[in-house]
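S.K.:
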Amino acid sequence: KAGVTQTPRYLIKTRGQQVTLSCSPISGHRSVSWYQQTPGQGLQFLFEYFSETQRNKGNFPGRFSGRQFSNSRSEMNVSTLELGDSALYLCASSDGLTGRTGELFFGEGSRLTVL
Amino acid sequence: LAKTTQPISMDSYEGQEVNITCSHNNIATNDYITWYQQFPSQGPRFIIQGYKTKVTNEVASLFIPADRKSSTLSLPRVSLSDTAVYYCLVGVRGFQKLVFGTGTRLLVSP
Chain E
658 KAGVTQTPRY
668 LIKTRGQQVT
678 LSCSPISGHR
688 SVSWYQQTPG
698 QGLQFLFEYF
708 SETQRNKGNF
718 PGRFSGRQFS
728 NSRSEMNVST
738 LELGDSALYL
748 CASSDGLTGR
758 TGELFFGEGS
768 RLTVL
Chain W
3 LAKTTQPISM
13 DSYEGQEVNI
23 TCSHNNIATN
33 DYITWYQQFP
43 SQGPRFIIQG
53 YKTKVTNEVA
63 SLFIPADRKS
73 STLSLPRVSL
83 SDTAVYYCLV
93 GVRGFQKLVF
103 GTGTRLLVSP
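Laid out in C-alpha cells, this is it:
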C-alpha cells in the first residue's frame, strides 16, 4: 500500500512569509504527527492529530499550527517565518491506537529554507 | 517521559555484529523500548520494539535485562547500507508524542 506522502518536497521562502505543508497518511491511519528536524535541535515533536482533533502538542510557538481533515490528510502551517524555521519537516502516520506498537511511518519530509 | 542516553557515534566494518546500548534509568512500568533507524534526508524507520527479555525480527534483536534500565540493539553482520543514525525511545506503547534523543551515528566501512 502507498506510504506517507508529503508535499512539497522542497521550498524556499523569505522571512515573514507563511508556508503550508501537506501530508497524506497511509490509508486507514487516523493519526498524523509532525516533527521538525534541524542539525542543532534534532528531531522535535510539533503536534499530533487524531480523527481531526489535536491530541498532543509539543513546545513550539503559536506560529506553528496544523489541522486534519476528515480523510485524515493533514496540513501544517508556519506563519511569519524566521530564519530558524529552516528545517526538514517530517510527517508520520500511525493507527494512533494506544496499546499497540505505535509504530510511526514517516514520509520523506518537506525541506524548508527560509532566506 | 524517560530520558535515554546513547553513544553519539560508533564505527564498524562490514560483516561484523554491532551492539548499540541505550540507558534509560527512569523507565516506567508501562514504558516500552523502541528503536528507529534514520538515513540522511529521510524520515526515521521503525526497527524493533520490546518490553523485556529478548525480541528478534528479521533485521535486529533487542536485549532488555531484567531491571529494564538499559537495552541493547544488536545488528548482525552489518553492511554499508546500515550506515545511519539509530534512535532509542522509551514510552508508553502507542503514545504518539515521541521524544527522539541525539541518536547513535553508526558508520560501517568496507
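Residue numbers (the numbering used here), protein chains in the order written: chain E, 658 to 772; chain W, 3 to 112. Glycine included, every Cβ here is placed at the ideal spot set by N, Cα and C.
#1: My output table needs one value for residue 121 of chain W: the three-state DSSP class, helix, strand or coil.
#2: Check the Cβ of residue 116 of chain W against every Cβ in chain E and list those closer than 8 angstroms, keeping chain order.
#3: Is the CB-CB distance between residue 748 of chain E and residue 722 of chain E below 8 angstroms?
#4: Cα-Cα, which of W:18, W:10, W:5 and W:11 is closest to residue 81 of chain W?
#5: On the three-pair Cβ rule with 8 angstroms, is the region 15-33 of chain W touching the region 70-78 of chain W?
#6: Report the three-state DSSP secondary structure of residue 772 of chain E (helix, strand or coil).
#7: Does residue 95 of chain W get closer than 8 angstroms to chain A when you measure Cβ to Cβ?
#8: Does the distance from the CB of residue 666 of chain E to the CB of residue 771 of chain E come in under 8 angstroms?
#9: At the level of alpha carbons, what is the spacing between residue 73 of chain W and residue 28 of chain W?
#10: Starting from residue 58 of chain W and walking both ways along the beta strand (DSSP E), at which residues does that stretch end?
#11: Rank E:709, E:729, E:736 and E:712 by C-alpha distance to the C-alpha of residue 719 of chain E and give the top, closest one.
#12: Can you tell me where the beta strand (DSSP E) holding residue 742 of chain E begins and where it ends?
#13: Can you tell me whether residue 676 of chain E sits near the ligand COA, meaning its C-beta is under 7 angstroms from at least one heavy atom of the ligand?
#14: Going by beta carbon distance, what residues of the same chain come within less than 6 angstroms of residue 39 of chain W, once the five residues before and after it are set aside?
#15: Please compile the residues from chain W whose C-beta is within a distance smaller than 7 angstroms of the C-beta of residue 713 of chain E.
#16: State yes or no: is the beta carbon of residue 758 of chain E nearer than 8 angstroms to at least one beta carbon in chain W?
M.R.: Answer, in terms of the structure:
#1: In the structure as shown, chain W begins at 3 and stops at 112. Residue 121 of chain W is therefore absent and cannot be evaluated.
#2: Since the first residue shown for chain W is 3 and the last is 112, residue 116 of chain W is missing from the structure and cannot be characterised.
#3: no
#4: W:18
#5: yes
#6: coil
#7: The question asks about chain A, but that chain is absent: this structure's protein chains are E and W.
#8: no
#9: 13 angstroms
#10: Counting along the chain, the beta strand (DSSP E) containing residue 58 of chain W begins and ends at 55-58.
#11: Closest by alpha carbon: E:736.
#12: Taken as a continuous stretch (DSSP letters only), residue 742 of chain E belongs to no beta strand (DSSP E), as it is neither H nor E.
#13: Among the components of this structure there are no ligands whatsoever, and the ligand COA is therefore not found.
#14: Closer than 6 angstroms at the Cβ level, and outside the excluded window around residue 39 of chain W, lie 47, 49, 86 and 88.
#15: 98 and 99
#16: yes
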